[in-house]
């Protein structure tokens with residue numbers, strides 16, 4: 594989106610709209626902010 598107002602308008606228009614008979618729900622991601630730690634960053638299965 595070009596700016597925040599354009600993004601908000603797109604969300605407003607799409608949320609609750611119908612697409613091939615299915616209702617669209619728009620979820621908005623929010624910034625977690627500083628201090629958020631999702632783990633050690635190594636990920637995956639470790640054998641040892």
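In my numbering, the protein residues as written are 594 to 641. Note that the Cβ used here is the ideal one computed from N, Cα and C, for glycine as well. Every value quoted in this text rests on a predicted model; they were computed, and no experiment measured them.
Residue i by DSSP, collapsed to three states: which one?
| i | result |
| --- | --- |
| residue 640 | coil |
| residue 598 | helix |
What does DSSP give as the partner residues of residue i in its beta bridges?
| i | result |
| --- | --- |
| residue 612 | 615 |
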